[in-house]
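Have a look at the structure below before the remarks.
Protein chains in written order, with this note's numbering: chain B, 477 to 814; chain V, 477 to 814; chain E, 477 to 814.
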């Protein structure tokens, strides 16, 4: 079961256009497209007539025509044409979902409509701010979404999974501090006087030790913002600092598959060559996690739903995040909403 | 569960020869071959000794020798040789099934032997009649057999699935009439003064509007005969008419896989070039349905056994057919037979 | 369920080195490697922290470092390092298994440690004896392990499955005698004055009839030693005799997958060319069984757990072996151990 009364990223804003896209979200197939006026549309990707996926059909203006028997649906989900028949039968409307375009992503609300409130969309403004230069991507990972949240809440794995990009021993060997503020989890790690990882040397020409820090913020269900800061030991020159934010919008596809929408905006070096390095480096680093998460999921699948995990100190943030989700899920089940 | 006390097509007559063929029918593996005297044989494709498929074995004259331990079975299913052993043990006979070769197909009876009656084989004589010129084919479709029956009982889908061959808007926009006569369902659609679809233009050189009609007959479990007739508006010239029959023998393989044996006999233009056009055109049209049916089955599999379908008028025939099958299945369960 | 208080072959001795190997045994993932001092190590291939397979990690000297979060385990399974943390948490040890290197194989004990006794390793000394010349191999077969034991306890299948290598009609048509001595099953077949099979002709230049015999010994759970002897009819010349032993150590991987570790030591013709012929011939013969066993398993999977098998005389040994395993399994369940 997933938390429903939350905004999830359904797509990158630039993905949506005239094409009909199918995307699984919270274990449901969703049809996504954009009207000719530019409005984003999401509806259940199942024709109510005979269960054929609407995404296999055709755009007729802003309508979707089912590819099997030709029923047509408008962007509100109303069935507006049935071949050889004057009016649509009762119950033929398709469920639609509210979408909001924000921070260069399209957010979907699949819960109780009465609770939908745009102000609940988590702050990811760095992805759409003129003084920040983002790179972005989307991965489909065959694991439960909380395995990806665990991964991002304990960056000590960088020392083992991301040796070639952003990790080195310093990340693992410096302890973290974590705390809970309401539904927010904050995890911080200071790494004073540590060697610069390979990607940082490439980006900033670091040739000596750096002071590095991570500040990770988790908001349920699984929005994770990582503030990363580095500067050469002893330097106060802002032109030598390396600061970026790692935005992670995690959307469950099914119980064992997850969408990872990520963005990495930086506040330095707007040059396209540096953007290229950031894009390639981020794709490579996030790509390194995919195999790890899928191997972990496969083993958990073998062991059954609740393997007996032994915890270490670095898990504190992940454990706190899971407790918050468990509490909120219990509240949703009781009908407490949000 | 499938209706058992019915004849199903197991194979095209020309498929059966000296080769051992495995074919799944009503969720059972069946071994098919033809004796040296030309008689068709069907038996359960499971060696009673250690469950090895007999179809993996060898023909020894008219016998089948198991490819694992060499037990031999004659065409009656009797075990007639066990290596290093004088006589066959009790219970070593394999179940055989009655086969009848008719209308260029081989029909199998997998129900109660006492009820097998060749006169119950549905009329598909057009497939083996000197005044008709058939083309034929066999598809294996990963869907429940009733999805294919639904498909053939509502040809309005031609306008959407078969745009490039036999469909156009006229098929969908003209209403159907359907009626039930005992276990027979008849669906009729008149399409006066409609444009000729691409394949018809090619076959008959039509350059103006035509009067077109479909008459569909369903007999349980899923034998569907479609009479298709067209002629130019205002013409009485039989040489310009286009008449063919679409024969559909639908055999469940498993709960989610189906054999579609089809034939399309016509009563005009016996020339091989036209036969070639009919063969290619039919293969293309039936092939267009495969992806649609498999996508529909996949979505139904996700939704569970009984998705809440909304019905439209064009579904009348399919709904009537399903009701007949449900009633007959209830009768079989009560032991009422046929 | 599998018998646990028995030695199973986990690997060929030569497979184990610095590399981390994952092997499924008795439905558990096992990590195998060899320390720098040459000792073989086996432990559960699941990091107790977050269930990542340890075999995906890295060797740090004789330790294994988890590839996800860097926990380190020594060859006793103890967790000896947790990044950014002084001591390992309780419960962080990984289960290890006793290994014994014997007869060029590595044997694993996955049952009750108190019952592990090296003297219970079955005699397969021919595989590591200076007067015998072995060839060896390992197959992974997608079938229950008892289907492979059945296969080896009834060699009449050689006449059908191994026509091109070691089988001919004589193997099937001469009856077997079998007897039980405690937990041992012995199956014997005499084949006087029979034609030499293709591989034998190639190995020994036989051009007339031979006297051939098989003596098969089964010890639970599934260790099978086959003594094969042949000589030309009327000859007493030991230089014309053909004698080899077929060693079969059968290790369940999962309920439907099996490791077949085989060795074929001979006591004649040590020349490398003959070793090459024996290696190729054995690989080909054992390879011929793989498809048969997998097709049999697939059919059994369709029929359900206990298909109603009809027995023939040649099955006597296999049936006796299964009875012994059933009795021992019942004893293990009652806690009787071994």
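From the three backbone atoms N, C-alpha and C, an ideal C-beta is built for every residue, glycine too.
Computed from a predicted model, the values in this text were never measured in an experiment.
The beta carbon of residue 710/E sits closer than 7 Å to none of the beta carbons in its chain outside the five residues before and after it. When the five nearest sequence neighbours on each side are left out, the beta carbons in the same chain lying within less than 6 Å of the beta carbon of residue 541/V are those of 533, 534 and 548, in order along the chain.
Residue range 699-708 is occupied by the beta strand (DSSP E) that includes residue 702/B. Counting along the chain, the unbroken beta strand (DSSP E) around residue 612/V starts and ends at 612-617. Our two residues, residue 747/E and residue 753/E, have alpha carbons roughly 10 Å apart in a direct line.
Counted as a single uninterrupted DSSP element, the beta strand (DSSP E) harbouring residue 660/B occupies residues 660-670. Only 543, 544, 545 and 546 from the stretch 541-556 of chain E bring a Cβ to less than 7 Å from some Cβ of chain B.
Residue 639/B carries a coil assignment under DSSP once its states are collapsed to helix, strand and coil.
A straight line joining the alpha-carbon of residue 788/V with that of residue 616/B spans about 37 Å.
Distances from the CA of residue 687/B to each of 670/B, 657/B and 677/B were compared; the closest alpha carbon is that of 670/B.
Close partners of residue 528/V in chain E (Cβ separation under 9 Å): 768, 771, 772 and 775.
Counting every other CB atom within 10 Å of its CB across the protein chains shown gives residue 638/E a total of 16 or more, marking it as buried. Per the Cβ contact rule, the stretch 656-670 of chain B is not in contact with the stretch 582-593 of chain B (fewer than 3 Cβ pairs under 8 Å). Contacts between residue 618/E and chain B, judged by CB atoms closer than 9 Å, are missing: the closest CB pair is about 17 Å apart.
Straight-line measurement puts the Cα of residue 557/B at about 20 Å from the Cα of residue 512/B. Within the DSSP secondary-structure output, residue 507/B pairs in a beta bridge with 498/B and 519/B.
Listed along the chain, the chain B residues whose CB falls inside 8 Å of the CB of residue 650/V are 560. Beta-bridge partners assigned by DSSP to residue 689/V: 666/V and 705/V.
Nearest CB-CB separation between residue 522/B and chain V: below the 9 Å threshold.
Rounded to whole angstroms, the separation of the alpha carbons of residue 728/B and residue 586/B is 12 Å.
Within the stretch 779-807 of chain B, the residues whose Cβ lies closer than 7 Å to some Cβ of chain E are 779, 783, 785, 786, 787, 788, 789 and 790, listed in chain order. Any Cβ of chain V closer than 9 Å to the Cβ of residue 565/B would place that residue at the interface, and such an atom is present. Using a Cβ-Cβ cut-off of 9 Å, residue 525/V is close to 785, 786, 787, 788 and 791 of chain E, given in chain order. According to the DSSP assignment, residue 728/B belongs to the beta strand (DSSP E) that extends over 718-730.
Counting C-beta atoms within 10 angstroms of its own C-beta, residue 708/V has 16 or more neighbours from the protein chains shown and is therefore classed as buried. Looking from the CA of residue 725/B, the closest CA among 486/B, 480/B and 477/B belongs to 486/B.
Look at the stretch 769-811 of chain B and you find these whole runs of alpha helix (DSSP H), each 4 residues long or longer: 792-809.
Inter-segment contact for the stretch 630-647 of chain V and the stretch 602-610 of chain V is absent: fewer than three beta-carbon pairs are separated by less than 8 Å.
Residue 484/B and residue 632/B have their C-alpha atoms roughly 27 Å apart. In terms of CA proximity to residue 581/B, 604/B leads the group 685/B, 604/B and 562/B. Boundaries of the alpha helix (DSSP H) around residue 679/V: 674-680. Taking the CA atoms as reference points, residue 523/B sits about 17 Å from residue 794/V. Close CB contacts of residue 740/B within its chain, under the 8 Å cut and outside five residues either way in sequence, are with 610, 611, 612, 720, 721, 722, 723, 754 and 758 (chain order). Excluding its 5 nearest sequence neighbours in each direction, residue 772/V has C-beta neighbours in its own chain below 8 Å: 619 and 623, listed in chain order.
The three-state secondary structure of residue 749/B, taken from DSSP, is helix.
Closer than 9 Å to the CB of residue 640/B there is not a single CB belonging to chain E.
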